[in-house]
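Colleague:
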Amino acid sequence: QLFFNIFKLATAQAYANGTMGSSSTKAASEPTSTERSNYASMPLDKDGTTSNANREAMSPRQLAMGVDGSEQKEANLQYHIDELEKDVLHMEFVGVVHLEADSIYGEALALPQVARSCNWNRALAVLAIKSYIFLFTNIVLQGALIMYIGEAANVMDPLAGKVHLCDYGRDIEICPGGANCEGPGGTQFAHDRIYSFDIWSTRNYVRDALLDLFPDKKEEIMTNVDPGEYGLENYTCRMLCTFLFILVEVKELSNIINFASILAFAPTDSSSWVSLKEGTKEKGLAALDFQIAGIPMMWKIVNTLSIIIPKAFLWYIVMWMGFKFLMETSEIVNLVLGTVAMGFVLEVDEIIFDTLTSKPSKDILERIEPLPVKSASLIRASEPSWSSIALFFIPRRLIFAVIMFIIFLVRYYRTSCTARTDGSMVSQPMYMPHTTTYSLTYFVFGGMPKDTEPYWTMPS
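Below, the structure is given as structure tokens:
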């Protein structure tokens with residue numbers, strides 16, 4: 181019995197190591213390419229094993245291959261890896277349209293449709309009315325903040341005698357004598373003669389006051405009282421901060437496109453946004469499911485006029501005003517802080533939502549399922565091609581941000597600066613405004629009246 185057991189153990193070990201049997205026997209035991217294909221396409225359960233029904237559908241050969249073991253789990257893993265590529269491309273190029281659930285704009289779009297789907301239930305109708313009150317509050321607050329920034333740039337800065345910063349002091353390392361080395365005061369830049377506008381204007385005021393008090397000592401005052409020049413502290417920091425600001429605004433633009441996509445892809449009908457959960461035993465709000473569905477034409481027009489257009493207008497004004505504000509900032513610290521502050525203006529809607537919106541509204545918005553795109557199934561069913569992989573490789577949002585950055589940079593230099601023959605970019609002549617009131621008309625349409633004679637021109 182002992183020798184028999186030893187013989188059995190040795191034989192089993194030899195078969196496990198593949199050292200027994202002729203080559204023909206081993207070749208016969210290997211699965212063919214057809215069997216591998218059949219095996220790879222076998223129905224698999226989520227846990228990597230086969231159910232009884234699937235096991236009955238297998239051939240004896242497949243059962244002999246040990247499909248319930250590690251080989252089957254490996255095949256299951258490979259199947260899902262292959263599907264992952266389709267899912268990634270589907271999410272990037274098609275996906276679904278989500279509602280911005282943490283914004284007052286998303287609340288104003290969704291809650292009226294939920295209330296309509298519930299036959300204008302009194303509680304939901306109140307939530308819908310409140311959402312529009314908060315929406316108009318947000319538009320007023322955001323618009324007021326942007327108007328104040330525009331007033332500072334178009335009224336207060338000229339009244340203070342400020343000039344456009346352009347590229348003053350950009351190439352200070354090659355100053356004096358190089359391009360962009362002559363400041364708005366008409367003198368050459370040097371490392372110890374470059375200041376922010378506030379300091380430069382104060383030093384000019386002191387010099388001019390001394391000249392008025394002691395006109396007979398003009399030559400001595402001009403020699404010993406040096407106001408310096410107004411210029412950039414760091415050109416690279418200026419470009420970096422403006423580009424980061426553009427990146428933040430591109431994210432906001434994607435939210436605008438998302439809202440427009442909801443209005444475009446949602447059916448123009450009265451289909452319900454609310455449905456009953458299957459097999460639920462709960463009551464009230466907990467028993468309901470919410471899904472982006474039909475939007476009647478009247479509501480699409482209302483949402484376009486009250487959400488899409490104001491949001492897009494505020495985005496554009498903040499983009500231009502913020503970019504110009506940063507381009508006119510010379511100090512490094514103020515550039516960094518200004519970038520954060522300008523991004524804050526577009527976050528006012530989220531602050532109002534977090535502070536004023538009630539808990540039931542937030543709960544409904546968080547539970548709203550996205551809107552599926554009808555063409556998604558066609559793209560999902562097709563096999564990924566190399567062209568789609570190449571398109572996926574391209575950082576489209578980054579490229580769009582670079583394009584927007586270049587457009588606004590060119591606009592700033594064209595509207596604020598003048599090129600000299602040596603390549604220097606200096607400020608255009610500055611004109612004093614006729615009024616200190618920056619009205620809504622000037623804010624929306626521009627055209628603020630100014631003097632015909634400039635109060636400053638670049639010294640020749």
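Quick note on our numbering: the sequence shown kicks off at 181 and runs consecutively.
For glycine and all other residues, C-beta sits at the position ideal for the given N, C-alpha and C.
1. Check the C-beta distance from residue 380 over to residue 356 and give it rounded, since I have them as a contact under 8 Å.
2. Checking the sheet assignment: what are the DSSP bridge partners for residue 607?
3. Compare the beta carbon distance of residue 446 and residue 467 with 8 Å and say whether it is the shorter of the two.
4. Near residue 297, which residues of its chain fall below 7 Å by C-beta distance, leaving aside the five closest residues on each side in sequence?
5. Within the continuous alpha helix (DSSP H) that includes residue 351, where are the two ends?
6. Ends of the beta strand (DSSP E) at residue 470?
7. By DSSP, does residue 397 sit in helix, in strand, or in coil?
8. How many angstroms separate the CA atom of residue 637 from the CA atom of residue 537?
9. Beta carbon of residue 304, beta carbon of residue 290: below 8 Å?
10. I'd like the list of long-range same chain contacts for residue 610, defined as Cβ closer than 7 Å, with 5 residues on each side in sequence excluded.
11. In terms of alpha-carbon separation, which member of 377, 394, 288, 422 lies closest to residue 583?
12. For residue 552, which residues from the same chain have a beta carbon less than 6 Å from its beta carbon, with the 5 sequence-adjacent residues on both sides left out?
13. For a test of the three-state rule: what should DSSP assign to residue 515, helix, strand or coil?
14. Looking only at its own chain, which residues have a Cβ that is under 8 Å from the Cβ of residue 287, when we skip the five neighbours before and after it?
15. Tell me residue 375's beta-bridge partners as DSSP assigns them.
16. Relative to the C-alpha of residue 571, which residue among 260, 261, 269, 525 is closest?
17. Based on the DSSP output, what are the partners of residue 549 in its beta bridges?
18. Of all the options 349, 384, 525, which has the alpha carbon lying nearest to the alpha carbon of residue 371?
19. For the stretch 433 to 491, which segments carrying the beta strand (DSSP E) assignment without a break, of at least 3 residues, lie completely within its bounds, in sequence order?
20. Between the Cα of residue 588 and the Cα atoms of 427, 573, 437, which residue gives the shortest distance?
21. Look at the alpha carbon of residue 292 and the alpha carbon of residue 439, and state the distance between them as a whole number of angstroms.
22. Among the candidates 437, 620, 429, 391, whose CA atom is the shortest distance from the CA of residue 526?
23. Taking C-beta to C-beta, are residue 347 and residue 605 nearer than 8 Å?
24. Go ahead and label residue 504 buried or exposed: buried means 16 or more other beta carbons lie within 10 angstroms of its beta carbon, across all protein chains shown.
25. Compare the C-alpha of residue 409 against each of 603, 373, 400 and name the closest.
26. Do the CB positions of residue 618 and residue 335 come within less than 8 Å of each other?
Modeller: If we stick to the structure as given:
1. With 8 Å as the limit, residue 380 and residue 356 do not qualify as a contact, their Cβ atoms being about 17 Å apart.
2. 597
3. no
4. 452, 453, 454
5. Taken as a continuous stretch (DSSP letters only), residue 351 belongs to no alpha helix (DSSP H), as it is neither H nor E.
6. 468 to 471
7. helix
8. 52 Å
9. no
10. 338, 343, 634, 635, 636
11. 422
12. 276
13. helix
14. 311, 314, 315, 533, 537, 541, 545
15. 410
16. 269
17. 471
18. 349
19. 454 to 456, 468 to 471
20. 427
21. 15 Å
22. 429
23. yes
24. buried
25. 373
26. yes
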